[in-house]
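The block underneath contains the structure these notes are about, expressed in structure tokens.
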Amino acid sequence: MFEQLEKHAATARDNLAKATSVDDLENWWRQTLGRKGEVQLLSRGMGELAAADRPAYGKRLNEVKGELEAAFEERKAELKQLELAHKLDAEAIDVTLPGRRPAAGTLHPSTRIMRDMCRIFGDMGFQIYRSPDVVTDRFNFEYLNMPPEHPARDMQDTFYTTDPNVLLRTHTSAGQIMAMREYCPEPIRVVLPGMCYRNEQITARSEIQFHQIEGLAVGRNITFADLKGTLIEFARRYFGADRETRFRASYFPFTEPSAEMDISCMLCAGKGCRVCKKTGWLEILGCGMVHPTVLRYGGYDPEEWSGFAFGSGPERIGMLRYGMTDIRYFWGNDVRFLEQF
Ligand code: DAH
């Protein structure tokens, strides 16, 4: 028994010296000093010894156990040192190497266009006003002077939820009343950026989902001249100072008078080409003086207050600025397109 003990101890020491990794060490511990390890087995064997030999055996066994434990700790420290040295070696940094450029991604073109546009309005004192994508019929239509059965509702094919009174906004104009009710009776100067949804055929020119940036100014003396001044300044800053602009009379139920704004075509410089359909002009937004009914729904007395509003499509506007021919690129998720911005 004593011999066997010494033999086991010697083998264990040998094996320990051979351990070259933390894994090896763990295995060694399990085999040698673990709950079902050799030392444990040897101590169980004590019962076979003559009673007189047992104390001496037990003492030696404890010594061996202590020695092995100490050896284990020592080897562990050694290995740790080795591993550290190894790691430092392997991870040595060559500071003369040129850096690798991380693929950071870029802003989505829509985001980029919207931020550029909002920044220009921001410079003119407009604040960003966030409003929800899902709205009731009232905010999207009724408060905008489109009661049920109003023919203008057909201008936009709407996505409804299972509740016919709750829908995905077809335009950011739906947020106008929310802004008015929040600000009333103070003057307002806000832009409302956001996603809009229309149940339409997807083509190169129209998507079922697209952004709009709505503008709304309400005050005591706001006139059509303010509207024109603001939007002409925007067009010059976004498209360049040499762009001509014009306003054409139009119709929207929520504005009176209403207009659409064009800029001179940048491709043909107004001479007429395929993009501007030979007219020399490109439409960029709808606008007008806020209709008295809408002001009233927003809480403002139209006898004392007036305002202007506009609605623009950043994707459309970006397409003009960057010479894009197909709106579907925006949601196509083709990195070759996305990377160009
Ligand atoms: N909501 C209109 C649309 O989606 C755009 C628009 C036109 C907004 C005139 C306005 C406005 O605020 O005054 O086509």
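To convert, count from 1 in the sequence shown and add 24; that's my numbering. Ideal placement from N, C-alpha and C gives every residue a C-beta, glycine not left out.
Query raised in the report: Counting Cβ pairs closer than 8 angstroms, one from the stretch 98 to 106 and one from the stretch 328 to 344, do we hit at least three?
Result: no
Query - Segment contact, 8 angstroms Cβ cut-off, at least three pairs: the stretch 221 to 233 with the stretch 307 to 319 - result: no
Query raised in the report: Is the CB of residue 220 under 7 angstroms away from at least one CB in chain B?
Result: The structure shown has no chain B; it contains just one protein chain.
Query raised in the report: Can you name the residues that DSSP bridges to residue 160?
Result: Here the question's residue 160 lines up with position 136 in the sequence shown. DSSP output for residue 160 lists 190 as bridge partner(s).
Query - Three-state secondary structure assigned by DSSP to residue 311 - result: Translated into the one-based positions of the sequence shown, residue 311 becomes position 287. Residue 311 falls in the strand class under three-state DSSP.
Report task. Please name the residue, chosen from 279, 362, 355 and 256, that lies closest to residue 268 on a Cα-to-Cα basis. Result -> The residue you call residue 268 lines up with position 244 of the sequence shown. The residue with the shortest Cα to Cα distance from residue 268 is 256.
Query raised in the report: Out of curiosity, what's the CA-to-CA distance linking residue 154 and residue 168?
Result: Counting from 1 along the sequence shown, the entry for residue 154 is found at position 130. Counting from 1 along the sequence shown, the entry for residue 168 is found at position 144. Distance between the alpha carbons of residue 154 and residue 168 is about 18 angstroms.
Query raised in the report: Do you know how far the Cα of residue 325 is from the Cα of residue 348?
Result: By 1-based counting over the sequence shown, the position of residue 348 is 324. By 1-based counting over the sequence shown, the position of residue 325 is 301. Spanning the two alpha carbons is a distance of roughly 43 angstroms.
Query raised in the report: Roughly how many angstroms separate the alpha carbons of residue 159 and residue 190, rounded to a whole number?
Result: Position 135 of the sequence shown, counted from the start, is the residue given in the question as residue 159. Position 166 of the sequence shown, counted from the start, is the residue given in the question as residue 190. When rounded, the distance between both Cα atoms is 6 angstroms.
**Report entry** Close-in-space but distant-in-sequence residues of the same chain around residue 361 (CB under 8 angstroms, 5 per side omitted)
**Finding:** Residue numbering aside, residue 361 sits at position 337 when the sequence shown is read from its first letter. Same-chain partners within the cutoff: 133 and 353.
Requested in this report: Can you tell me which of the three DSSP states residue 286 falls into?
Outcome: For this step, residue 286 is matched to residue 262 along the sequence shown. DSSP places residue 286 in strand when its eight states are reduced to three.
Requested in this report: Measure the beta-carbon distance from residue 306 to residue 289 and round it to whole angstroms, keeping in mind my assumption that it falls under 8 angstroms.
Outcome: Mapped onto the sequence shown, residue 306 falls at position 282. Mapped onto the sequence shown, residue 289 falls at position 265. The C-beta separation of residue 306 from residue 289 comes to about 5 angstroms, placing the pair in contact by the 8 angstroms criterion.
Query raised in the report: What residues in its chain sit with their C-beta under 8 angstroms from that of residue 180, if we drop five residues either side in the sequence?
Result: Locating residue 180 in the sequence shown gives position 156, counting from the first residue. Counting only Cβ-Cβ distances below 8 angstroms, and skipping sequence neighbours, we find 194, 195 and 222.
Report task. Confirm, please, whether the CB-CB distance from residue 343 to residue 18 is below 7 angstroms. Result -> Residue numbering for the chain in the displayed model covers 25 to 365; residue 18 lies beyond these limits and cannot be assessed.
Query raised in the report: How about the stretch 139 to 149 and the stretch 259 to 278: do they share at least three Cβ pairs that are nearer than 8 angstroms?
Result: yes
**Report entry** Extent of the continuous alpha helix (DSSP H) to which residue 236 belongs
**Finding:** One-based indexing of the sequence shown puts residue 236 at position 212. Counting along the chain, residue 236 falls outside any alpha helix (DSSP H), though it belongs to the beta strand (DSSP E) covering 233 to 243.
Query raised in the report: Using DSSP with H/G/I as helix, E/B as strand and the rest coil, what is residue 208?
Result: Counted from its first residue, the sequence shown places residue 208 at position 184. In the structure shown, residue 208 sits in coil (DSSP, three-state: anything other than H, G, I, E or B).
Query raised in the report: Between residue 197 and the ligand DAH, is the CB less than 6 angstroms from at least one heavy atom?
Result: Translated into the one-based positions of the sequence shown, residue 197 becomes position 173. Yes, since a heavy atom of the ligand DAH falls inside the 6 angstroms radius drawn around the Cβ of residue 197.
Report task. State yes or no: is the C-beta of residue 34 within less than 7 angstroms of the C-beta of residue 56? Result -> Taking the first residue of the sequence shown as position 1, residue 34 is located at position 10. Taking the first residue of the sequence shown as position 1, residue 56 is located at position 32. No, these two residues do not count as a Cβ contact at 7 angstroms.
Query raised in the report: In the DSSP assignment, what residue or residues form a beta bridge with residue 219?
Result: In the sequence shown, the residue the question calls residue 219 occupies position 195. DSSP output for residue 219 lists 235 as bridge partner(s).
Requested in this report: Identify whether residue 331 lies in helix, strand or coil by the three-state DSSP scheme.
Outcome: Translated into the one-based positions of the sequence shown, residue 331 becomes position 307. Residue 331 sits in a strand when the DSSP states are folded into three classes.
Query - Span separating the alpha-carbon of residue 115 from that of residue 338 - result: Counting from 1 along the sequence shown, the entry for residue 115 is found at position 91. Counting from 1 along the sequence shown, the entry for residue 338 is found at position 314. Whole-angstrom Cα-Cα distance: 48 angstroms.
Query raised in the report: Would you call the CB atoms of residue 214 and residue 150 closer than 7 angstroms?
Result: Locating residue 214 in the sequence shown gives position 190, counting from the first residue. Locating residue 150 in the sequence shown gives position 126, counting from the first residue. Yes, these two residues count as a Cβ contact at 7 angstroms.
Requested in this report: With a threshold of 16 other CB atoms inside 10 Å of the CB of residue 70, please say whether the residue is buried or exposed.
Outcome: As a position in the sequence shown, residue 70 is number 46, starting the count at 1. Residue 70 is exposed by the Cβ-count criterion.
Query raised in the report: Going by other Cβ atoms of all chains shown within 10 Å of its Cβ, with 16 needed for buried, is residue 127 buried or exposed?
Result: Taking the first residue of the sequence shown as 1, we reach residue 127 at position 103. When all chains shown are included, residue 127 counts as exposed.
Query raised in the report: Between the C-alpha atoms of residue 73 and residue 88, what's the straight-line distance to the nearest angstrom?
Result: In the sequence shown, the residue the question calls residue 73 occupies position 49. In the sequence shown, the residue the question calls residue 88 occupies position 64. Computed Cα separation, rounded: 18 angstroms.
Query - Under 7 angstroms between C-beta atoms of residue 281 and residue 176 - result: Along the sequence shown, one-based indexing puts residue 281 at 257. Along the sequence shown, one-based indexing puts residue 176 at 152. No, the Cβ-Cβ distance between residue 281 and residue 176 is not below 7 angstroms.
Query raised in the report: Measuring from the CB of residue 335, is there a heavy atom of the ligand DAH at a distance below 6 angstroms?
Result: The residue you call residue 335 lines up with position 311 of the sequence shown. Result yes, Cβ under 6 angstroms from the ligand DAH.
Report task. Find out if the Cβ-Cβ distance for the pair residue 219, residue 157 is shorter than 7 angstroms. Result -> Here residue 219 refers to the residue found at position 195 of the sequence shown. Here residue 157 refers to the residue found at position 133 of the sequence shown. Yes. Within cutoff.
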